[in-house]
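Asks: Input: one structure, supplied below.
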Amino acid sequence: MSQELERIAASRAREAVQYDRSGQRHKAIKSYREAIDVLWKLYRLSPDGSVKRIYAEKIKEYQARIEELQNGVDGPSVRIEAFAEQSPQPRQQLQSEKPNVSWDDIVNIEEAKKAIRESIVFPTRRPDLFPLGWPRGILLFGPPGCGKTLLAAAVAAELDASFYVLDAASIMSKWLGESERNVSKIFNQCRQEARSGKPCIIFIDEIDSLTAERFMEVGGEARVRNQLIKEMDGILDKGRRDFLYVLAATNKPWHLDEPFIRRFQKRIFVPLPDIDARIMLFEKYTKGLRLEAGVELSQLAKITDGYSAADIHDICMEAQLKVVSEFFASNTGEKGEPRPITMDDFMEIIKKRKQSVVLENLKKLLDWNSKHGT
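Heads up, the sequence shown stops at 374 in the UniProt record's numbering, and the numbers go up one at a time, no gaps.
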């Protein structure tokens, strides 16, 4: 149904732009309104994501043009284009990133580190030891703010691999068919690099926003999902020995369906930090701060059960901001130093700042891990 709605929206929008350019104001307004009606249906059907934003942008654009026409402004502005008009500008080549992250930068989560090194580092360094092949698709799942992106960056840094970070914004397009072509171009570019002998890692963040379950899919998401499956089938070919890997991260793995899950031979749970990890995190993030002697990091770790690594970082940053703000409020800030951070400062911040991880989602993640984790 969604693809048919997209075709109707594209047809009405093309008509509107043609009428607009030929000066047929009333017909243009009518066609713009019809296109908007269909786009609103697509917007309501679509899950949150870049495709939804594309629909909203076109609705806003057409509404603005209708208002211009009603006010007697002749000729469409140059920015007006028909939705999904088939003449997109070529995308620029995706640029590889050079992550400056080491394993030491990632506190704890040793099991996840070990699983990634076994799946990527060892085969890349000694492929002769893996006659049966090795995992090429790896899914990192777990609560937000627990280090999934850092894990991908660290393995890329260790191997000096080309590292391509993708998200919905870098793939999705308002042009019909362009989103899946973007996916194909990205994989082709990475295959060429990998075949030259250089390791290449494609990291897809929040992959659930691109590959929702089929009952949730609308138009662009469905086509991108199918293209991703096709491309991943290509890199999973057991006859190939290229060092091309796809790492994907998600906080909501239950939004992925079984065919897509199977493309990830390794599915690694990245959990919330336990108490020992929380102590290490507080030590790491307060290392450069002035603390009063009475600050007990072990006690802070106890009362932040359920907090993510990102939550703990933000607590320490807020403590820093609190004393610095007081310092500037009391004088010009040109002389002296802020007072040391106290235990009361931390307690006040923690009382106000609740954990970011929703308990219901954590239960879902643990259940999904028991069924699908490898």
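Here a beta-carbon is modelled for each residue, glycine too, at the ideal position from N, C-alpha and C.
Quantities reported herein were computed from a predicted structural model and do not represent experimental measurements.
Between Arg14 and the ligand NAP, is there a pair consisting of the residue's CB and a ligand heavy atom that are separated by less than 7 Å?
Replies: In terms of ligand content, the structure shown is empty, and the ligand NAP therefore cannot be addressed.
Asks: Between the alpha carbons of Gly23 and Ser179, how many angstroms are there, rounded?
Replies: For the purposes of this step, residue 23 is identified with residue 23 of the sequence shown, where counting begins at 1. For the purposes of this step, residue 179 is identified with residue 179 of the sequence shown, where counting begins at 1. Roughly 33 Å between the two C-alpha positions.
Asks: Roughly how many whole angstroms lie between the Cα atoms of Ala10 and Ala16?
Replies: Mapped onto the sequence shown, residue 10 falls at position 10. Mapped onto the sequence shown, residue 16 falls at position 16. If I take the Cα positions, the gap works out to 10 Å.
Asks: Indicate whether Gly137 and Gln18 have their beta-carbon atoms separated by less than 8 Å.
Replies: In the sequence shown, residue 137 corresponds to position 137, counting from 1. In the sequence shown, residue 18 corresponds to position 18, counting from 1. No, the Cβ-Cβ distance between Gly137 and Gln18 is not below 8 Å.
Asks: Evaluate the contact criterion for the stretch 160–169 versus the stretch 319–331: three or more CB pairs, one atom per stretch, below 8 Å.
Replies: No, because fewer than three Cβ pairs between the stretch 160–169 and the stretch 319–331 fall closer than 8 Å, the two stretches do not touch.
Asks: Between the C-alpha atoms of Ala248 and Arg117, what's the straight-line distance to the nearest angstrom?
Replies: By 1-based counting over the sequence shown, the position of residue 248 is 248. By 1-based counting over the sequence shown, the position of residue 117 is 117. Roughly 15 Å between the two C-alpha positions.
Asks: Between the stretch 281–294 and the stretch 338–353, can you find at least three pairs of beta-carbon atoms closer than 8 Å?
Replies: Output reads yes: the stretch 281–294 touches the stretch 338–353.
Asks: At the level of alpha carbons, what is the spacing between Ala315 and Gln63?
Replies: Counting from one through the sequence shown, the residue named residue 315 turns up at place 315. Counting from one through the sequence shown, the residue named residue 63 turns up at place 63. It is worth fixing the name first, because residue 315 is Ile in this sequence and not Ala. Spanning the two alpha carbons is a distance of roughly 44 Å.
Asks: Since I believe Leu297 is in contact with Thr286 (beta carbons under 8 Å), could you give me their beta-carbon distance rounded to a whole number of angstroms?
Replies: As a working mapping, residue 286 is identified with position 286 in the sequence shown. As a working mapping, residue 297 is identified with position 297 in the sequence shown. The pair is a contact, with the Cβ atoms about 7 Å apart (cut-off 8 Å).
Asks: Grab me the residues of Ile268's own chain with a C-beta within less than 6 Å of its C-beta, minus the 5 sequence neighbours each way, in chain order.
Replies: Indexing the sequence shown from 1 puts residue 268 at position 268. Result list for Ile268: Ala112, Ala115 and Leu140, in chain order.
Asks: Please name the residue or residues paired with Cys200 in a DSSP beta bridge.
Replies: Along the sequence shown, one-based indexing puts residue 200 at 200. For Cys200, which the question treats as bridged, DSSP gives the partners Ser162 and Leu244.
Asks: Kindly give me the distance between the Cβ atoms of Ile204 and Val246, rounded to whole angstroms, as I take these residues to be in contact under 8 Å.
Replies: Stepping through the sequence shown from its first residue, residue 204 is reached at position 204. Stepping through the sequence shown from its first residue, residue 246 is reached at position 246. Sure, about 7 Å apart at Cβ, within 8 Å.
Asks: Alpha carbon to alpha carbon, how far is Gln189 from Lys351? Give it in angstroms, no decimals.
Replies: Looking up residue 351 in the sequence shown gives position 351. Looking up residue 189 in the sequence shown gives position 189. Whole-angstrom Cα-Cα distance: 49 Å.
Asks: In angstroms, rounded to a whole number, what distance separates the CA positions of Asp242 and Gly197?
Replies: What you label residue 242 is simply residue 242 of the sequence shown in a count that begins at 1. What you label residue 197 is simply residue 197 of the sequence shown in a count that begins at 1. Taking the straight line joining both Cα atoms gives about 7 Å.
Asks: How close, in whole Å, do the beta carbons of Leu151 and Thr124 come, if the pair is a contact with beta carbons under 8 Å?
Replies: In the sequence shown, residue 151 corresponds to position 151, counting from 1. In the sequence shown, residue 124 corresponds to position 124, counting from 1. Not confirmed; about 16 Å, so no contact.
Asks: Between the C-alpha atoms of His372 and Gly142, what's the straight-line distance to the nearest angstrom?
Replies: As a working note, residue 372 is residue 372 in the sequence shown. As a working note, residue 142 is residue 142 in the sequence shown. Each residue's alpha carbon lies about 12 Å from the other.
Asks: Given a cut-off of 8 Å, decide if Pro99 and Ala153 are closer than it, judged by their beta-carbon atoms.
Replies: For this step, residue 153 is matched to residue 153 along the sequence shown. For this step, residue 99 is matched to residue 99 along the sequence shown. Their beta carbons are under 8 Å apart, which means Ala153 touches Pro99 by this criterion.
Asks: Taking the beta carbon of Ser87 as the centre, do at least 16 other beta carbons fall within 10 Å, making it buried, or is it exposed?
Replies: Taking the sequence shown and counting its residues from 1, one reaches residue 87 at position 87. Residue placement at Ser87 is poorly supported in this model, since its pLDDT is 39, which falls under 50; the coordinates still yield a value, given next. By the 10 Å Cβ count, Ser87 comes out exposed.
Asks: Drop a sphere of 10 angstroms on the beta-carbon of Lys58, count the other beta-carbons inside from all chains shown, and report buried for 16 or more, exposed for fewer.
Replies: Position 58 of the sequence shown, counting from 1, holds the residue named residue 58. So Lys58 counts as buried.
Asks: Considering only residues of the stretch 88–149, which uninterrupted alpha helix (DSSP H) runs meet the minimum length of 4 residues and lie entirely inside it, listed in chain order?
Replies: The stretch 88–149 contains these whole alpha helix (DSSP H) runs: 110–116 and 122–125.
Asks: Output yes or no for whether 8 Å exceeds the beta carbon distance between Pro253 and Trp134.
Replies: As a working note, residue 253 is residue 253 in the sequence shown. As a working note, residue 134 is residue 134 in the sequence shown. Taking 8 Å as the Cβ cut-off, Pro253 and Trp134 do not qualify as a contacting pair.
Asks: How big is the Cα-Cα spacing for Asp128 and Glu283?
Replies: Translated into positions along the sequence shown, residue 128 becomes position 128. Translated into positions along the sequence shown, residue 283 becomes position 283. Those two C-alpha atoms are separated by around 41 Å.
Asks: Considering Arg267, what are the terminal residues of the alpha helix (DSSP H) in which it resides?
Replies: Numbered from 1 along the sequence shown, position 267 holds the residue referred to as residue 267. Run containing Arg267: none in the alpha helix (DSSP H); it sits in the beta strand (DSSP E), Lys266 to Phe269.
Asks: Looking at Ala319 and Leu281, is the spacing between their C-beta atoms short of 8 Å?
Replies: Here residue 281 refers to the residue found at position 281 when the sequence shown is read from its first residue. Here residue 319 refers to the residue found at position 319 when the sequence shown is read from its first residue. Cβ atoms of Leu281 and Ala319: not closer than 8 Å.
Asks: Kindly list the residues whose CB is nearer than 7 Å to the CB of Ala194, restricted to its own chain and excluding five residues on each side of it in sequence; keep chain order.
Replies: In the sequence shown, the residue the question calls residue 194 occupies position 194. Cys200, Asp242, Phe243 and Leu244.
Asks: The alpha helix (DSSP H) with Gln192 in it runs from where to where?
Replies: Counted from its first residue, the sequence shown places residue 192 at position 192. Unbroken alpha helix (DSSP H) run through Gln192: Glu178 to Arg195.
Asks: I need the straight-line Cα distance from Asn331 to Lys322, nearest angstrom please.
Replies: Sequence index remark: in the sequence shown, residue 331 carries index 331 (1-based). Sequence index remark: in the sequence shown, residue 322 carries index 322 (1-based). When rounded, the distance between both Cα atoms is 15 Å.
Asks: So, are the CB atoms of Thr149 and Asp208 less than 8 Å apart?
Replies: The residue labelled residue 149 in the question sits at position 149 within the sequence shown. The residue labelled residue 208 in the question sits at position 208 within the sequence shown. Result no, Cβ atoms of Thr149 and Asp208 do not sit closer than 8 Å.
Asks: Go ahead and pull the three-state DSSP assignment for Ala309.
Replies: As a position in the sequence shown, residue 309 is number 309, starting the count at 1. If DSSP states are grouped into helix, strand and coil, Ala309 belongs with the helices.
Asks: Check for me: the alpha helix (DSSP H) holding Trp368 runs from which residue to which?
Replies: Along the sequence shown, read from residue 1 onward, the residue named residue 368 stands at position 368. Where Trp368 is concerned, the enclosing alpha helix (DSSP H) stretches over Leu359 to His372.
Asks: Roughly how many angstroms lie between the CA atoms of Ile312 and Arg278, to the nearest whole one?
Replies: Sequence index remark: in the sequence shown, residue 312 carries index 312 (1-based). Sequence index remark: in the sequence shown, residue 278 carries index 278 (1-based). Straight-line Cα distance between these residues: approximately 8 Å.
Asks: Considering only residues of the same chain and omitting the five flanking positions on each side of Ile235, which have a CB-CB separation below 6 Å?
Replies: In the sequence shown, counting from the first residue as 1, residue 235 sits at position 235. Only Arg136 and Leu244 meet the Cβ criterion.
Asks: Are the CB atoms of Met232 and Arg263 nearer to each other than 8 Å?
Replies: Here residue 232 is taken as the residue at index 232 of the sequence shown, counted from 1. Here residue 263 is taken as the residue at index 263 of the sequence shown, counted from 1. Going by C-beta atoms, Met232 is nearer than 8 Å to Arg263.
Asks: So, at 6 Å on beta carbons, what are the nonlocal neighbours of Ile29 in its own chain, with the 5 sequence-adjacent residues on each side left out?
Replies: In the sequence shown, counting from the first residue as 1, residue 29 sits at position 29. Here the set comprises Ile66 and Leu69.
Asks: For Ile303 and Ile275, I'd like the C-alpha separation in whole angstroms.
Replies: Taking the first residue of the sequence shown as position 1, residue 303 is located at position 303. Taking the first residue of the sequence shown as position 1, residue 275 is located at position 275. Going from the Cα of Ile303 to the Cα of Ile275 covers about 9 Å.
Asks: What's the C-alpha gap between Trp103 and Val155?
Replies: Counted from its first residue, the sequence shown places residue 103 at position 103. Counted from its first residue, the sequence shown places residue 155 at position 155. Rounded to the nearest angstrom, the two C-alpha atoms are 8 Å apart.
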